[in-house]
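A quick write-up on the structure given underneath.
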Amino acid sequence: MVSVDAFAVLAEPNRRRILDTLRRAEHSVGELVDALGMSQPAVSKHLKVLREAGFVTCRTAAQQRIYRLDVRPFRAVDGWLEPYRELWTGHRPGEE
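Going by full-length UniProt numbering, the first residue of the sequence shown is number 1, and it counts up by one from there.
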């Protein structure tokens, strides 16, 4: 089951931009700052929210924190969306 919090987290545009960037490869905070043109405090704030919600994980490499996506919350969101997907695919159970 997906919590409403997951949708609140994903509703923020800058968090979605961070997730889109991390979808391609893991990045340090500095790399995200450069890639997104955001301030370091703003990126760190959004990463904290994403980490607490489980959407990203981080590891330490030397003096840097390296962030990457964690797929589990996305699977939960996808599972929640599954019954609605029938609406846009045009396939409904019992209809030919």
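Even glycine gets a Cβ: it sits at the ideal position worked out from N, Cα and C. Owing to the predicted nature of the structure, the values given are computational and were not obtained by experimental measurement.
The beta-bridge partner set that DSSP reports for Thr-60 consists of Arg-65.
One Cα belongs to Thr-60, the other to Gly-37, and the distance between them is close to 23 angstroms.
Of the residues assessed, Phe-7 falls on the exposed side of the cut-off, its CB having fewer than 16 other CB atoms within 10 angstroms. The C-beta separation of Glu-26 from Arg-68 comes to about 4 angstroms, placing the pair in contact by the 8 angstroms criterion.
The Cβ atoms of Val-56 and Asp-70 lie closer than 8 angstroms to each other.
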